[in-house]
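A.B. asks: First, the structure itself, so that you have it in front of you.
2 protein chains.
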Amino acid sequence: MATMNSAKTVTPRAADRIRRIAVVGAGTIGTSWAGYFSGSGYDVVVVEPQAAARERVPDAVAQCHRAMAAARLRDPAAATGAVTVIEAIAALDGAAIDFVQENVREELAVKQVTLRALDALLPPDVLIASSTSGLGASDLQDGCVHPQRVLVGHPMNPPHLLPLVEIVGGRATSPDAVQAAAGIYAAMGKRPVVLNREVIGHLATRLTVALWREAACLVRDGVASVADVDAAVTHGLGLRLAVAGPHLSYHLGGGDNGLAGFFAWAREPLQGWCDDLGTLTLDADLEAKLAAGIAAAVGDHGVAELAQWRDTALAGVLAQLRETPAPIDR
Amino acid sequence: MATMNSAKTVTPRAADRIRRIAVVGAGTIGTSWAGYFSGSGYDVVVVEPQAAARERVPDAVAQCHRAMAAARLRDPAAATGAVTVIEAIAALDGAAIDFVQENVREELAVKQVTLRALDALLPPDVLIASSTSGLGASDLQDGCVHPQRVLVGHPMNPPHLLPLVEIVGGRATSPDAVQAAAGIYAAMGKRPVVLNREVIGHLATRLTVALWREAACLVRDGVASVADVDAAVTHGLGLRLAVAGPHLSYHLGGGDNGLAGFFAWAREPLQGWCDDLGTLTLDADLEAKLAAGIAAAVGDHGVAELAQWRDTALAGVLAQLRETPAPIDR
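Note that the protein sequences, when read in sequence, are chains A and B.
Here my numbering = 1-based position in the first sequence + 2.
Here my numbering = 1-based position in the second sequence + 2.
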């Protein structure tokens, strides 16, 4: 207990002391983080056991830097951090790592093994953030000797462009660690949001799933095609949600009295609409129907081409939004 | 019956014959439509019984034109349609109206009275589209002599900027009318989406409510503040949804196998997330909590100021997205 208590009083390494970041796992998310961190001037050590994935890192990082420049997230003339790619976590020993972003496979057992290895190796003041979209911080930190510095730092894909990072502490995470993580992400230009407590899927995954579930129900029930449901988002509510969140949007739809005015006239229909939303069981038929729908929508355009276009479009939108800064911290 | 049948075979006045549009009701939505139609070169007759609302029309229309120019939805040098503002539907008699966009109060009885009056007055080949977000086309056309030309043409607010228009026919709407309406909106630069059948809230309201409901649940349950939940949208999923819809987003997150690949790895957690989403009863406590949350978020910035900023930001995003055209009809 004495050891535990002394560990708990370690002051986390904060934003002003972060020079070198370990990115553990070089899949889509890890590689994108490596691009963002290095493009923001931090040195990066990427840990990836698979040779093929390691080989893809330099090109992917360079592509991230170009997208960041297009998004005005980075001055092309600014210093770029060095990116080193290594094979095993053990090689991080003595590598002067100040912060860890973990991005291995989204499986609790896999992540736990990884986090425990990192925890055993790194000084207890180094924060270890997991990119998990669906697992909980309390489960992830289980079995660590210094669980107080383990937390969720969940980005949205693609992390080198989308500013949001959700920070969630587990049962054993120290409040200092949560605050330090928020400071670290903010210092690197991200928009941290700290959750008050753990919840499955944090905020972003829950909200994404809530929208997708209703979209899938509308296709399942024959109301519209996959392409048309998606078009209703990209040419309608999606555009608005890039600018104003769900509550602010209703606030602006309520006349002079804002959200209260909106509720005053919409209370009854809003409840009815809520109660009419669908629920969904994902079975083979529904998966096939949705897959056929997206196949019809994309034609012979491959995933890589479309993802590249999405990132270019996103970068443009991000750069543009800087031209019209909001009067509030929206 | 002979009259009914002959009415049903009337060919709707299509896109190439639309010169003058009646906008019935000059609230937020009607005024915005008047701005869009006139900014797109159509003559507009606005019908509004309230003097104060009539007086606001010219300034509001001019503001729409400026926003459309900023959004590159309109060449500032292009011809602008004339806007006439009148007091009563009866004065539309003989006004050579080619298309009607109805925007009166969102109450079935009020809309029915209005639509019946329009139906009684206008030649049966003139389409009558309702901007209703929540009412059904079958209910709206009830009692009309020519119900086959009455349908829903639902825009997203603000209609002078957001391209989406949802078209829904009722039981008595002719397929020709639905097709003609889609052609009319497309010809004026909108993105029409035709629903296969009536459903409460069409697509956009359902999807908006699905997202908002979960957002409100997260605030209600103390997971995060209104400001932080909204920030998770505007700095995360909202940005992505402006570019790629919910199915395309998952398709791009599934690796080379796209949506099928996404389901293959996400099937189980996705079902779990779906099942964990909240449901909501809108009571005074929740309304007060959400209103307090938005009040804290907006501070002393009023609705008009924020709506003006939103429109400026939206116009910028729309203009920017034209710079990066998608390889597919997303």
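Just so it is clear, CB atoms sit at the ideal spot from N, CA and C, and this is done for glycine as well.
Values in this document were obtained by computation on a predicted structure and should not be read as measured data.
Would you decide whether residue 270 (chain B) is buried or exposed? Buried here means 16 or more other CB atoms lie within 10 Å of its CB.
C.D. replies: exposed
A.B. asks: In the DSSP assignment, find the alpha helix (DSSP H) that holds residue 177 (chain B) and state where it starts and stops.
C.D. replies: 177 to 189
A.B. asks: Which residues does DSSP pair with residue 172 (chain B) in a beta bridge?
C.D. replies: In the DSSP output, where bridge partners are listed per residue, residue 172 (chain B) has none listed.
A.B. asks: Looking only at its own chain, which residues have a Cβ that is under 6 Å from the Cβ of residue 49 (chain B), when we skip the five neighbours before and after it?
C.D. replies: 26, 88 and 91
A.B. asks: Quick one: what does DSSP say residue 193 (chain B) is sitting in, helix, strand or coil?
C.D. replies: strand
A.B. asks: Between residue 56 (chain A) and the rest of its own chain, which residues show a CB-CB distance below 8 Å, the 5 nearest in sequence each way excluded?
C.D. replies: Taken in chain order, the residues that qualify are 28, 48, 50, 87 and 89.
A.B. asks: If you measure from the beta carbon of residue 307 (chain B) to each beta carbon in chain A, is any gap under 9 Å?
C.D. replies: yes
A.B. asks: Based on Cα-Cα distance, which residue from A:113, A:136, A:164 and A:161 lies nearest to residue 146 (chain A)?
C.D. replies: Out of A:113, A:136, A:164 and A:161, the CA that lies nearest to the CA of residue 146 (chain A) is found in A:113.
A.B. asks: Can you list, in chain order, the residues of its chain with a C-beta nearer than 6 Å to that of residue 222 (chain A)? Leave out the 5 residues immediately preceding and following it.
C.D. replies: 288
A.B. asks: Can you name the start and end residues of the alpha helix (DSSP H) that residue 302 (chain A) belongs to?
C.D. replies: From DSSP, residue 302 (chain A) is part of no alpha helix (DSSP H); its letter is neither H nor E.
A.B. asks: Taking residue 298 (chain A) as the reference, give the member of B:204, B:168 and B:253 with the closest Cα.
C.D. replies: B:253
A.B. asks: So, does the CB of residue 74 (chain B) fall closer than 9 Å to a CB anywhere in chain A?
C.D. replies: no
A.B. asks: Locate the beta strand (DSSP E) running through residue 155 (chain B), then write down its first and last residues.
C.D. replies: Unbroken beta strand (DSSP E) run through residue 155 (chain B): 152 to 157.
A.B. asks: Mark residue 177 (chain A) as exposed unless 16 or more other C-beta atoms lie within 10 angstroms of its C-beta, in which case mark it buried.
C.D. replies: exposed
A.B. asks: Can you tell me whether residue 102 (chain A) is helix, strand or coil according to DSSP?
C.D. replies: strand
A.B. asks: Checking 9 Å against the spacing of the C-beta atoms, do residue 43 (chain B) and residue 81 (chain B) come in under that value?
C.D. replies: yes
A.B. asks: Any chance the region 313 to 331 of chain B sits against the region 259 to 273 of chain B, with 3 or more Cβ pairs inside 8 Å?
C.D. replies: With the cut-off at 8 Å, the region 313 to 331 of chain B and the region 259 to 273 of chain B do not touch.
A.B. asks: Which two residues bound the contiguous beta strand (DSSP E) that contains residue 24 (chain B)?
C.D. replies: 22 to 26
A.B. asks: Of all the CB atoms in chain A, is at least one closer than 9 Å to the CB of residue 209 (chain B)?
C.D. replies: At least one beta carbon of chain A lies nearer than 9 Å to the beta carbon of residue 209 (chain B).
A.B. asks: Pick helix, strand or coil for residue 133 (chain B), following the three-state DSSP scheme.
C.D. replies: coil
A.B. asks: Mind reading off the beta-carbon distance from residue 40 (chain B) to residue 83 (chain B)? Whole number of angstroms is fine, and I expect it under 8 Å.
C.D. replies: A Cβ-Cβ distance of about 4 Å is found for the pair residue 40 (chain B) and residue 83 (chain B), placing them in contact under the 8 Å criterion.
A.B. asks: Residues in the same chain with beta-carbon distance under 7 Å from residue 119 (chain A), minus the five sequence neighbours each way, listed in chain order, please.
C.D. replies: The residues are 91.
A.B. asks: Give the secondary structure of residue 223 (chain A) by DSSP, where H, G and I count as helix, E and B as strand, and everything else as coil.
C.D. replies: In this structure, residue 223 (chain A) counts as coil in the three-state DSSP scheme.
A.B. asks: Counting only Cβ pairs nearer than 9 Å, list the residues of chain A close to residue 105 (chain B).
C.D. replies: Those do not exist, as residue 105 (chain B) stays about 14 Å from chain A at its closest Cβ, beyond 9 Å.
A.B. asks: Going along the chain, which residues of its own chain have a beta-carbon closer than 6 Å to the beta-carbon of residue 193 (chain A), five neighbours each way excluded?
C.D. replies: Same-chain partners within the cutoff: 165 and 166.
A.B. asks: Under 9 Å, do residue 319 (chain B) and residue 308 (chain B) count as touching if we go by C-beta distance?
C.D. replies: Annotated as distal: residue 319 (chain B) and residue 308 (chain B), with beta-carbon spacing of 9 Å or more.
A.B. asks: Within 10 angstroms of its Cβ, does residue 247 (chain A) collect 16 or more other Cβ (buried), or is it exposed?
C.D. replies: buried
A.B. asks: Could you tell me the distance, in whole angstroms, from the CA atom of residue 126 (chain A) to the CA atom of residue 14 (chain A)?
C.D. replies: Here the alpha carbon of residue 126 (chain A) sits roughly 8 Å from the alpha carbon of residue 14 (chain A).
A.B. asks: Does the Cβ of residue 208 (chain B) have 16 or more other Cβ atoms within 10 Å, making it buried, or fewer, making it exposed?
C.D. replies: buried
A.B. asks: When the cut-off is 9 Å and only beta carbons count, does residue 249 (chain B) lie next to chain A?
C.D. replies: yes
A.B. asks: For a contact meaning CB atoms closer than 8 Å, what does residue 101 (chain A) contact in chain B?
C.D. replies: Within chain B, no residue has its beta carbon less than 8 Å from that of residue 101 (chain A); the closest one is some 21 Å off.
A.B. asks: Are the C-beta of residue 318 (chain B) and some C-beta of chain A separated by less than 9 Å?
C.D. replies: yes
A.B. asks: When the Cβ atoms of the region 99 to 115 of chain B are set against those of the region 66 to 76 of chain B, are three or more pairs found closer than 8 Å?
C.D. replies: no
A.B. asks: Would residue 244 (chain B) and residue 240 (chain A) be called neighbours here (beta carbons separated by less than 9 Å)?
C.D. replies: yes
A.B. asks: What does the alpha-carbon distance come out to for the pair residue 143 (chain A) and residue 160 (chain B)?
C.D. replies: 46 Å
A.B. asks: Could you give the DSSP three-state label for residue 210 (chain A): helix, strand or coil?
C.D. replies: helix
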